[in-house]
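Comments concern the structure below.
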Amino acid sequence: MRGTAKKNNHEIRDPIYAFIHMNSSEREVLNSAPVQRLRHIHQLALTSLVYPGATHRRFEHSLGVMELATRIYNAVLESGETEILGIDRGEYDGMYYRRVLRMAALIHDIGHAPFSHASEDLFPGDCNHEAMTLRLIESDEMEKIWVKLKIQSEDVAKLALGRNHPKKKTFSNTEAILSEIITGDAFGADRMDYLLRDSHHTGVAYGRFDHYRLIETLRILPKTYEGGSKEPALGVESGGLQSAEALLLARYFMFSQLYFHPVRRIYDIHLKEYLQAWLLGGRFPGDVTGLLNLTDNEVMAGIWRASRDPDLPGHDAAERIVMRNHYRVLYTRNPDDVLKCREAGLAIYTVACEVFGEENVRHDRPKVSASQVAFPVLELDERIVSSLLKSDVLRHIPEVAVDTVYIHPELLDAGRVWLNENRENIIESGSEPEDMT
Amino acid sequence: MKQIQRDGLLVELIDELTSYGSWCGETHIQKATYFLEAMMGIPLGFPYVLYKHGPFSFDLSDELASMRADALLEWEIKPEPYGNALKTTNVSAGLKARVPRALARYRPAISFVAGKFGTRGVKDLEKISTALYVTNEAPGRGCEARARRITELKPHITLDEAKEAVSFVDEMFREAEPVIREIGET
Numbered sequence: 001m002r003g004t005a006k007k008n009n010h011e012i013r014d015p016i017y018a019f020i021h022m023n024s025s026e027r028e029v030l031n032s033a034p035v036q037r038l039r040h041i042h043q044l045a046l047t048s049l050v051y052p053g054a055t056h057r058r059f060e061h062s063l064g065v066m067e068l069a070t071r072i073y074n075a076v077l078e079s080g081e082t083e084i085l086g087i088d089r090g091e092y093d094g095m096y097y098r099r100v101l102r103m104a105a106l107i108h109d110i111g112h113a114p115f116s117h118a119s120e121d122l123f124p125g126d127c128n129h130e131a132m133t134l135r136l137i138e139s140d141e142m143e144k145i146w147v148k149l150k151i152q153s154e155d156v157a158k159l160a161l162g163r164n165h166p167k168k169k170t171f172s173n174t175e176a177i178l179s180e181i182i183t184g185d186a187f188g189a190d191r192m193d194y195l196l197r198d199s200h201h202t203g204v205a206y207g208r209f210d211h212y213r214l215i216e217t218l219r220i221l222p223k224t225y226e227g228g229s230k231e232p233a234l235g236v237e238s239g240g241l242q243s244a245e246a247l248l249l250a251r252y253f254m255f256s257q258l259y260f261h262p263v264r265r266i267y268d269i270h271l272k273e274y275l276q277a278w279l280l281g282g283r284f285p286g287d288v289t290g291l292l293n294l295t296d297n298e299v300m301a302g303i304w305r306a307s308r309d310p311d312l313p314g315h316d317a318a319e320r321i322v323m324r325n326h327y328r329v330l331y332t333r334n335p336d337d338v339l340k341c342r343e344a345g346l347a348i349y350t351v352a353c354e355v356f357g358e359e360n361v362r363h364d365r366p367k368v369s370a371s372q373v374a375f376p377v378l379e380l381d382e383r384i385v386s387s388l389l390k391s392d393v394l395r396h397i398p399e400v401a402v403d404t405v406y407i408h409p410e411l412l413d414a415g416r417v418w419l420n421e422n423r424e425n426i427i428e429s430g431s432e433p434e435d436m437t
Numbered sequence: 438m439k440q441i442q443r444d445g446l447l448v449e450l451i452d453e454l455t456s457y458g459s460w461c462g463e464t465h466i467q468k469a470t471y472f473l474e475a476m477m478g479i480p481l482g483f484p485y486v487l488y489k490h491g492p493f494s495f496d497l498s499d500e501l502a503s504m505r506a507d508a509l510l511e512w513e514i515k516p517e518p519y520g521n522a523l524k525t526t527n528v529s530a531g532l533k534a535r536v537p538r539a540l541a542r543y544r545p546a547i548s549f550v551a552g553k554f555g556t557r558g559v560k561d562l563e564k565i566s567t568a569l570y571v572t573n574e575a576p577g578r579g580c581e582a583r584a585r586r587i588t589e590l591k592p593h594i595t596l597d598e599a600k601e602a603v604s605f606v607d608e609m610f611r612e613a614e615p616v617i618r619e620i621g622e623t
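Chains as they are written, first to last, in my numbering: chain A, 1 to 437; chain B, 438 to 623.
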């Protein structure tokens with residue numbers, strides 16, 4: 001019989017990895033409402049106002065994370081350094097966890113609100129995108145699919161959310177390592193894919209690195225150089241050190257050039273201001289149905305309308321976004337200032353608000369995750385050493401830090417004159433001893 | 438607690454650990470900070486999870502990176518058997534000068550923990566901090582039950598090692614009592 005066998009393996013074209021493969025059961029997860037919604041959530045919020053190519057969505061990123069997580073998993077398991085997973089003791093079902101890992105990678109972003117991180121603060125109460133992801137993983141729609149795939153939703157959530165799991169506070173070595181394959185700060189598939197993909201779409205070439213070589217050399221290694229510790233971590237063979245350096249440099253450059261571009265950041269602030277005015281009670285819905293009904297499309301349609309009608313809520317912020325009339329940079333972080341006053345931006349912002357009015361000044365000081373440049377490296381003679389001992393490059397990669405004050409465009413000239421006259425005094429006074437409260 | 442006070446206390450902790458002979462890797466700082474919060478009651482506000490080898494705060498890890506970005510800390514790379522150490526800088530001395538009241542209140546507690554941790558290795562710190570985690574998980578539980586819970590959570594720790602770690606934590610609680618009382622009175 002020809003032509004009657006139902007195709008079980010499917011391939012999806014991808015600009016970074018050429019093809020991404022999945023089977024029919026996995027495709028049910030891809031076709032679920034929470035994952036399909038990611039076609040309508042921009043990966044980089046309003047970054048396309050600065051880098052016009054940045055119109056890609058979380059959907060293709062999620063597929064990419066699944067592909068890379070699978071490659072990392074295969075490479076790590078094939079390397080033989082798997083004692084930590086209990087494979088040799090028969091405690092670990094490698095194929096089961098491969099399936100769980102792939103699905104966890106595919107759904108790791110399903111809880112994101114419109115425009116992803118830009119609007120994270122607008123979830124109600126203690127809710128955040130990780131809590132929403134957990135609720136969606138445990139939803140009736142997804143539970144039915146997990147049953148068909150013969151995997152537990154609890155295991156999917158553990159690996160997808162890792163250390164950010166809202167309920168789980170204890171992790172075994174295996175859980176920690178497998179979730180780090182997806183979400184890890186050093187060699188997680190999430191990070192690798194967003195650097196490669198964002199670089200590709202924005203045209204910012206700094207994000208590229210040799211991920212083929214890096215993945216081939218990844219190993220699970222104990223950090224024995226720390227007083228004989230047996231704590232396992234994702235590390236590299238010495239031959240992969242340069243590709244690991246390239247990844248961490250790519251991260252530094254991409255954060256400096258793209259993710260923390262000051263104009264991109266001010267659009268996040270204007271977007272949040274619009275959403276606070278537009279959303280009921282200034283917050284996203286706290287239920288999964290409400291979240292699934294909301295995408296970037298609804299928000300952009302609202303922004304477009306509000307930009308043309310001064311009577312609609314959020315008109316001012318919407319008009320700034322649509323007409324690209326954003327607030328302008330008044331002050332950016334300067335190493336000399338940091339030595340005098342660590343919160344120089346806050347000091348300038350506080351006084352600028354008194355002089356120009358709070359409504360005309362904005363301050364941006366985002367929290368930045370550690371770059372995790374320290375990891376184990378396996379030498380040719382089987383010794384394990386710290387990456388920082390081996391690599392001058394890693395020792396000197398700076399941590400990214402942002403501290404920016406913006407001002408209304410019509411006040412920019414006056415603001416600059418004022419700052420030139422008062423800058424030193426403000427920064428000096430900002431470094432006085434603080435009372436304990 | 439304000440960030441400046443929290444970071445001032447972290448700088449003091451690193452200085453104290455160093456003065457008590459610790460090579461002061463991130464694991465030492467992580468576990469000592471956990472004790473400051475979970476045993477001594479200093480409200481530093483770093484959330485901890487029981488990770489691969491004991492309590493770990495990713496927020497604290499990010500905070501240490503932020504302190505490096507602001508020249509308050511720097512790497513000191515040491516060969517085996519030591520790992521990557523963090524040391525304070527001239528800038529961090531200035532930070533401490535800005536939080537005299539916080540330091541006056543919490544210095545005895547910091548010194549107490551640093552004195553207990555200064556000469557201990559990473560493997561020891563992993564065990565005793567897990568023992569404190571398990572102790573706080575269900576206060577009042579006996580030594581044997583806590584030790585079994587440790588081996589259940591962290592199978593690489595033997596029952597004897599777990600019992601030893603629990604006894605150490607119980608003894609440390611007893612010795613810490615006057616220091617904790619002093620913090621409450623100031």
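All residues carry an ideal CB built from backbone N, CA and C; glycine is no exception.
All values derive from a computational prediction rather than experimental measurement.
Problem - Classification of Gln440 (chain B) by the beta-carbon crowding that lies within 10 angstroms, buried from 16 upward - result: exposed
Exercise for the section: List the DSSP bridge partners of His477 (chain A). Expected result: Absent from the structure is residue 477 (chain A), since the part of chain A shown begins at 1 and ends at 437.
Exercise for the section: Classify Phe493 (chain B) as helix, strand or coil using the three-state DSSP reduction. Expected result: strand
Exercise for the section: For Thr526 (chain B), name the three-state secondary structure that DSSP assigns. Expected result: coil
Practice task
Answer with yes or no whether the minimum CB distance from Pro518 (chain B) to chain A is below 8 Å.
Solution key: yes
Exercise for the section: Note the first and the last residue of the continuous beta strand (DSSP E) segment covering Leu438 (chain A). Expected result: Limits of chain A in this structure are 1 at one end and 437 at the other, which puts residue 438 (chain A) out of reach.
Exercise for the section: Compare the C-beta of Lys560 (chain B) with all C-beta atoms of chain A and state if any pair is closer than 8 Å. Expected result: yes
Practice task
Flag Ala582 (chain B) as yes if its beta-carbon sits less than 8 Å from any beta-carbon of chain A, otherwise no.
Solution key: no
Exercise for the section: Indicate whether Asp193 (chain A) and Leu44 (chain A) have their beta-carbon atoms separated by less than 8 Å. Expected result: no
Exercise for the section: Return the chain-ordered list of same chain residues with a C-beta closer than 6 Å to the C-beta of Glu175 (chain A), the five sequence neighbours on each side being excluded. Expected result: Lys158
Exercise for the section: Specify the secondary structure class of Asn521 (chain B) as computed by DSSP and reduced to three states. Expected result: strand
Problem - Closer than 8 Å at the beta carbon, the chain A residues around Asp499 (chain B) - result: Lys367, Val368, Ser369 and Ala370
Exercise for the section: State the DSSP-derived secondary structure class of Pro595 (chain B), mapped to helix, strand or coil. Expected result: The residue you asked about is not Pro; residue 595 (chain B) is Thr in the sequence shown. Three-state DSSP puts Thr595 (chain B) in coil, outside helix and strand.
Handout entry: Endpoints, the alpha helix (DSSP H) within which Ala582 (chain B) is located
Key = Cys580 to Leu590
Handout entry: Close Cβ partners of His201 (chain A) (< 6 Å) along its chain, the five nearest in sequence each way excluded
Key = Gly53, Ala54 and His56
Handout entry: Interface residues of the stretch 345-365 of chain A facing chain B [CB-CB below 7 Å]
Key = none
Practice task
Within 10 angstroms of the Cβ of Arg383 (chain A), are there 16 or more other Cβ atoms? Answer buried if so, exposed if not.
Solution key: exposed
Practice task
Closer than 9 Å, Cβ to Cβ, to anything on chain B: give me those residues from the stretch 141-164 of chain A, in chain order.
Solution key: Arg163 and Asn164
Exercise for the section: Select from the stretch 215-229 of chain A all residues with a C-beta closer than 9 Å to any C-beta belonging to chain B, and list them in chain order. Expected result: Lys223, Thr224, Tyr225, Glu226, Gly227, Gly228 and Ser229
Problem - Proximal residues of chain A, C-beta to C-beta of Tyr471 (chain B) below 8 Å - result: Residues of chain A passing the Cβ test: none, with the nearest at roughly 13 Å.
Exercise for the section: Determine which residues of the stretch 546-557 of chain B have a Cβ less than 8 Å from any Cβ of chain A, and write them out in chain order. Expected result: none
Handout entry: Inter-residue spacing [alpha-carbon to alpha-carbon] between Asn360 (chain A) and His326 (chain A)
Key = 11 Å
Problem - chain B within 8 Å of Phe171 (chain A), Cβ atoms only - result: yes
Practice task
Could you pull the start and end residues of the beta strand (DSSP E) that Ile16 (chain A) belongs to?
Solution key: Taken as a continuous stretch (DSSP letters only), Ile16 (chain A) belongs to no beta strand (DSSP E), as it is neither H nor E.
Handout entry: Alpha-carbon to alpha-carbon, Ile269 (chain A) and Ala113 (chain A)
Key = 15 Å
Handout entry: Terminal residues of the beta strand (DSSP E) in which Arg283 (chain A) lies
Key = Per DSSP, Arg283 (chain A) belongs to no beta strand (DSSP E) and is neither H nor E.
Practice task
For my contact list, Val385 (chain A) and Tyr225 (chain A) are in at a C-beta cut-off of 8 Å; report their separation, rounded to the angstrom.
Solution key: 5 Å
Practice task
Give every residue of the same chain whose Cβ lies closer than 7 Å to the Cβ of Val606 (chain B), excluding the five residues on either side of it in the sequence, and list them in chain order.
Solution key: Ile565, Ala568, Leu569 and Thr572
Exercise for the section: Excluding the 5 residues preceding and the 5 following Cys127 (chain A) in the sequence, name in chain order all residues of the same chain whose CB lies nearer than 7 Å to its CB. Expected result: Gly286
Problem - Inter-stretch contact at 8 Å, needing at least 3 Cβ pairs: the stretch 233-241 of chain A / the stretch 22-41 of chain A - result: no
Practice task
Return no unless some Cβ of chain A is closer than 8 Å to the Cβ of Ser503 (chain B).
Solution key: yes
Problem - Spatial neighbours of Ala374 (chain A) in its chain, beta-carbon cut-off 7 Å, leaving aside the 5 residues before and after - result: Ser386, Ser387 and Leu388
Exercise for the section: Give a yes or no on whether 8 Å exceeds the smallest Cβ distance from Glu130 (chain A) to chain B. Expected result: no
Handout entry: Burial state of His363 (chain A), where buried means 16 or more other Cβ atoms lie within 10 Å
Key = buried
Practice task
Step through the CB atoms of chain B and report whether any lies within less than 8 Å of the CB of Ser244 (chain A).
Solution key: Here residue 244 (chain A) turns out to be Ala, not Ser, going by the sequence shown. No, its Cβ sits nowhere closer than 8 Å to a Cβ of chain B.
Exercise for the section: Could you check what DSSP says for Glu511 (chain B) in three-state terms: helix, strand or coil? Expected result: strand
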